[in-house]
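>
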Ligand code: NAD
Ligand code: IMJ
């Protein structure tokens, strides 16, 4: 039997065919899940509708995670189609661009810090809280978010996003503690660098990708399909005793000390 037969998944964060969320949505669909997608704004609506059609779903809902009303409306809308929700995927991050270059203390501002934390960490909490009532009707529900190694190591240019990812990872543990008694699991994948929209235009991205290729145990970079497969597993009943975890999908890069 497919991994996610009979499960219903809401995927937040598809913006292009390179999005990690797109890799996850495709893997989940392949494993038998029904999928609903959100789009951040009108500019992305048509594109996301096309992706939804490829997944044989007509359920697309607007959701700018900066807006509490839009977050609540997502589940009002979903409620019209589904009587329960099994999977929530959060694949969203944002900090103002100027925060992501130069030395950390020189570039970080109060406003940049707050925005990075609001969009990249708090939004997972807010979505989870709004999803909770529909997830109570599930037999085995789970939530998944995306992190990066910059949460636990200081990396050039990642700056305040690293601090926000550290918050997101702590959020995973606190949310897992909150939701565990309702049999809702919460996990994160810490993915290796991938050339997506969120990574394009980032100074030094090429060097990050080269480093992984040179030093990671598997000597290559990770793909969105590989992240998708682990996402499908973590949200499946095969992972029914896994919660509060950060799982690295990075070709082993985080495990090495020195590579020669
Ligand atoms: P992406 O640009 O395809 O996805 C980012 C998504 O965030 C987009 O769909 C965008 O619409 C959404 N978003 C931003 N602000 C939003 C808002 N206010 N409301 C709703 N949606 C909003 O890039 P991606 O690399 O697939 O990023 C997805 C996640 O993966 C992010 O959390 C990112 O930090 C994480 N990640 C990326 C990499 C990488 O190298 N690409 C590595 C590890 C983790
Ligand atoms: C982002 C910044 C600096 C270095 C980076 C990245 N490296 C990688 C990323 C090495 C892999 C991508 N990443 C892991 C992210 O989480 C990206 C988040 C992000 C990207 C942008 C670009 C456009 C913008 N704001 C952003 N906010 C968050 O205006």
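Residue numbers (my numbering): -10 to 249. Glycine included, each C-beta is placed from N, C-alpha and C at the ideal position.
Helix, strand or coil for residue 63, going by three-state DSSP, please let me know.
Note: residue 63 maps to helix in three-state DSSP.
> Can you name, in chain order, every residue of its own chain whose Cβ lies under 6 Å from the Cβ of residue 242, other than the five neighbours on each side?
Hits under 6 Å: 181, 201, 205.
> Can you list every residue whose CB sits closer than 5 Å to some heavy atom of the ligand IMJ, going in chain order?
This criterion selects 82, 83, 84, 86, 89, 137, 146, 147, 182, 187, 188, 191, 197.
> Alpha carbon to alpha carbon, what distance is there between residue 230 and residue 77?
Taking the straight line from one Cα to the other gives about 17 Å.
> Note down, one range per segment and in chain order, each beta strand (DSSP E) of at least 3 residues found wholly within the stretch 202 to 249.
Complete beta strand (DSSP E) runs here, min 3: 235 to 238.
> Just tell me which of 105, 74, 93, 91 has its CA closest to the CA of residue 54.
Closest option to residue 54, Cα to Cα, is 105.
> Would you report the Cα separation of residue 125 and residue 212, rounded to the nearest angstrom?
Distance between the alpha carbons of residue 125 and residue 212: 33 Å.
> Where does residue 90 sit, in a helix, a strand or coil, going by DSSP?
Note: residue 90 maps to coil in three-state DSSP.
> Between which two residues does the beta strand (DSSP E) carrying residue 27 extend?
Residues 23 to 28.
> Is residue 160 near the ligand SAH, judged by its Cβ being under 6 Å from some heavy atom?
The ligand SAH is not part of this structure, which contains only the ligand NAD and the ligand IMJ.
> If you drop the 5 nearest sequence neighbours on each side, which residues of the same chain put their C-beta closer than 7 Å to that of residue 3?
If we look at residue 3 and ignore the five residues flanking it on each side, its Cβ neighbours are 10, 11, 14, 26, 37, 40.
> Just list the residues that DSSP pairs residue 176 with in beta bridges.
In DSSP, residue 176 forms a bridge with 133.
> For a test of the three-state rule: what should DSSP assign to residue 49, helix, strand or coil?
In the structure shown, residue 49 sits in a strand (DSSP, three-state: E or B).
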